[in-house]
Structures are given as C-alpha cells and as structure tokens.
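Chemist:
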Amino acid sequence: MPFITAIIPVYKEPTRALRTVLGLLACDRGPHELEIVVVDDGSGDDTAEQLRVDLKGRARVVAHNSNRGRVEARNTGMREAQGELLLFLDADCVPVDRGYLIAHAAQVGPGRCSSGVVRTTGTDFWAKYQRRAAARRLRAAGVATFTSANVMMARDDAMAVGGFDPAYRGYGFEDRDFALRLTAAGVNIAFNTGAVVTHEAPLDLSTVCAKMADAGGANSRLFSQRHPAPYAALGYASLDARMHPWLRAIHPFTEPVRRFVLRRGDGLLQTSRLPFRLRALLAGIMSGLSFLHGSADDASRIASNASR
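In my numbering, the protein residues as written are 554 to 861.
(1) Based on DSSP bridge pairs, tell me the residues matched to Asp593.
(2) Please name the residue in Leu787, Ala720 and Gly630 whose C-alpha comes closest to that of Phe844.
(3) Hey, how far is the Cα of Asp793 from the Cα of Asp850?
(4) So what's Thr746 in DSSP terms, helix, strand or just coil?
(5) Let me make sure I understand the geometry here. Which of Gly747, His585, Asp593 and Asp581 has the alpha-carbon closest to that of Ile560?
(6) Would you kindly work out how many angstroms separate the C-alpha atoms of Pro781 and Leu800, rounded to a whole number?
(7) Taking Ser667 and Met705 to be in contact with their CB atoms under 8 Å, please state how far apart those CB atoms are, rounded to whole angstroms.
(8) Given Ala656, which residues of its chain have a CB within under 6 Å of its CB, disregarding the five upstream and five downstream residues?
(9) Using the three-state DSSP reduction, which class does His752 fall into: helix, strand or coil?
(10) In the DSSP assignment, what residue or residues form a beta bridge with Glu588?
(11) Among Pro755, Pro567 and Arg854, which one has its Cα closest to the Cα of Asp819?
(12) Is DSSP giving Gly818 helix, strand or coil here?
(13) Taking the straight line between their C-alpha atoms, what separation do you get for Arg632 and Ala644?
(14) What residues in its chain sit with their C-beta under 7 Å from that of Tyr784, if we drop five residues either side in the sequence?
(15) Which of the three DSSP states, helix, strand or coil, is assigned to Val761?
(16) What residues in its chain sit with their C-beta under 7 Å from that of Gln660, if we drop five residues either side in the sequence?
(17) For Val649 and His752, what's the separation of their Cα atoms in angstroms?
(18) Just how far apart, CA to CA, sit Arg621 and Gly652?
(19) Run through DSSP, which three-state label would Ala626 get?
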C-alpha cells in the first residue's frame, strides 16, 4: 500500500506544530506507512531544535537557514519526502479523529487529489465568519475547495506540475495557482468531508487585514497575469488598483478610514450587541479595503521602478 509523507511547514510555532504532529501520530494508518517531515522555515530561534527534542525521532525536522516563505517550505518537504502520497498540513491544523489519514488515502490515486475540511471551533465572531466562508467555498466546489492547509495527493502528480511556484512570496494565491495547474494536468480535486482538521490559530481584524494587504501585492499581480479569468471570477479584479485607475485615486481617502477602523474594529466585531450580518459586512469591507491598499501600494512601486 502507498507510503504517506506528511509535510508540515512551521515558523516560530514549535508548540503548535508539536500538537499537529502528535495528532497525526495518534491517527490510524491502516496498511499505510507514515513519515512526517516538519520544515522549519528559518525561524531564527530554537524552533527546530525544540521540535527535535520533543519529537524524539518520531518526525524528521528539516530547517532552512533563512526565512524563504511557506511555498519554499512545502517544496523542501516534497524534495525530502519518501512517500508516494503527500499530505500537506499546516502547523496549526490538528486531525479531529483517528480515521483522518485513512479517509484521505482512500480518495487519492493517480489523477485524484483529496482536499479535506478545515474546521474552526468556537463561538466568537471569527469562528462563525470562517465557517461561513468555508460554506461558500464548498458551494463553489472544484478548485475553490483546495487548501494546502489540509490536502493529500499523489507525489507524481505534484512533481509533474513542479510543486508550488516559488515566484509566489508572502501570503496568498499560491494555493489556487497550484490547484489550477493540477487541474490543467488532468488531476481531479475532490472535497473530502471525512478528512477533517481543526484550525487552532486565533484571528483578529488586524491579522486578517494584514494578510489581505499582503495578498493584494505582488502575489495577486502574478496570479492575475497567469490566470486572468479565475482572478476575475474570484472577485479580486474589481478591487485591484492596478487595473482600475479610479481605485488608485480614492485610495488616499479610504486608507485613513481603514486605519481608523483597524484601531477599534475588533472589539466592535466581537460584541454581540450588533447583528452578525452587520459585523460580517464590516469585516468584508475591511478585507476588501486591505486588498485595495496592497494593490495600490504595489501599483506605486511599479510606477516608481518604471520612472527610474
């Protein structure tokens, strides 16, 4: 039976990564062999050494000398992997039951990829908001369900498309780019409700908006150039200041508002005095303005470089 390699990138979160590895080790393997490769992406502290001590040889820890980003960390894990099946799992995602690995592996084969569920627990605003976003992705199906936080595929399929593209630096769009290249190569991405992990990283408005601003920069520009139709279908094109000069014109006025709300907004979102739909609308507006901010900054850098 196929040999599974689980690849877990980590950056300065040894305790969280340890929980993920221990969760995997507690899973039933059935007839499958399992190896776990943890890639420390240049944390610059004792993350790698602490994991080696705590794991006592139960997982292999590979360390980058410098921070290269999660794309490079996953690709390093692929190169180190010995298994015929690759499981990509984020360091803050823990399997919910012992049948997790078997559920994934049952759906994977040549040309078949298993994209699992990333479940958010809790009752606060961000937990509910993430569950609603996950439901939208499920309704969209196909590539929209793909997440490198919890996905298993044949190693040959991943290698045939060159793995994750290291041209994507920072946050955003590398997952969708990889998924689109897989589907173009004939790989079917199927949503697997039996392979569930819980996402344990806490969120707040500042963190969400920082990620959206990062995604609005060079990564979205690269994705839009390579995959213009999917980019437009996802809705990001309508918020891209590089594509719409009028958005660059209003950015100086929207940015002070965005920064003002960032300083006060999370408390407002977490209060139960406002209807959830109203709070979700505010979170969506702030996410969109942050993406606009990232694209406007990127447009300014492009213009500055062109004038030199």
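Ideal Cβ placement from N, Cα and C applies to all residues, glycine included. Keep in mind it's a predicted model, so treat the numbers as computed, not measured.
Modeler: Straight from the coordinates:
(1) Here residue 593 is taken as the residue at index 40 of the sequence shown, counted from 1. In DSSP, Asp593 forms a bridge with Val563 and Ala616.
(2) Numbered from 1 along the sequence shown, position 291 holds the residue referred to as residue 844. The shortest Cα separation from Phe844 among Leu787, Ala720 and Gly630 belongs to Leu787.
(3) Here the question's residue 793 lines up with position 240 in the sequence shown. Here the question's residue 850 lines up with position 297 in the sequence shown. About 11 Å.
(4) Stepping through the sequence shown from its first residue, residue 746 is reached at position 193. Correct three-state label for Thr746: strand.
(5) Along the sequence shown, read from residue 1 onward, the residue named residue 560 stands at position 7. If we check each option's Cα against that of Ile560, Asp593 comes out closest.
(6) Along the sequence shown, read from residue 1 onward, the residue named residue 781 stands at position 228. Along the sequence shown, read from residue 1 onward, the residue named residue 800 stands at position 247. So the two alpha carbons sit approximately 19 Å from each other.
(7) Start at 1 with the first residue of the sequence shown, and residue 667 comes out as number 114. Start at 1 with the first residue of the sequence shown, and residue 705 comes out as number 152. That belief holds up - the Cβ atoms of Ser667 and Met705 are roughly 5 Å apart, short of 8 Å.
(8) Residue numbering aside, residue 656 sits at position 103 when the sequence shown is read from its first letter. Cβ neighbours of Ala656 beyond the five flanking positions: Gly747 and Ala748.
(9) In the sequence shown, the residue the question calls residue 752 occupies position 199. Three-state DSSP puts His752 in a strand.
(10) Position 35 of the sequence shown, counted from the start, is the residue given in the question as residue 588. Glu588 is bridged to Thr558.
(11) Translated into positions along the sequence shown, residue 819 becomes position 266. It is Pro755 whose Cα lies nearest to the Cα of Asp819.
(12) By 1-based counting over the sequence shown, the position of residue 818 is 265. Of the three classes helix, strand and coil, the one that applies to Gly818 here is helix, per DSSP.
(13) Locating residue 632 in the sequence shown gives position 79, where the first residue counts as 1. Locating residue 644 in the sequence shown gives position 91, where the first residue counts as 1. Their Cα atoms are separated by approximately 19 Å.
(14) Here residue 784 refers to the residue found at position 231 when the sequence shown is read from its first residue. Hits under 7 Å: Phe776, Ser777 and Ala790.
(15) By one-based count along the sequence shown, residue 761 stands at place 208. Of the three classes helix, strand and coil, the one that applies to Val761 here is helix, per DSSP.
(16) For the purposes of this step, residue 660 is taken as residue 107 along the sequence shown, with counting starting at 1. Once the five neighbours on either side are set aside, the close Cβ partners of Gln660 are Ser667, Ala743 and Asn745.
(17) On the sequence shown, position 96 is the one that residue 649 refers to. On the sequence shown, position 199 is the one that residue 752 refers to. Their backbone Cα atoms lie some 10 Å apart in a straight line.
(18) Mapped onto the sequence shown, residue 621 falls at position 68. Mapped onto the sequence shown, residue 652 falls at position 99. Computed Cα separation, rounded: 33 Å.
(19) Position 73 of the sequence shown, counted from the start, is the residue given in the question as residue 626. Note: Ala626 maps to helix in three-state DSSP.
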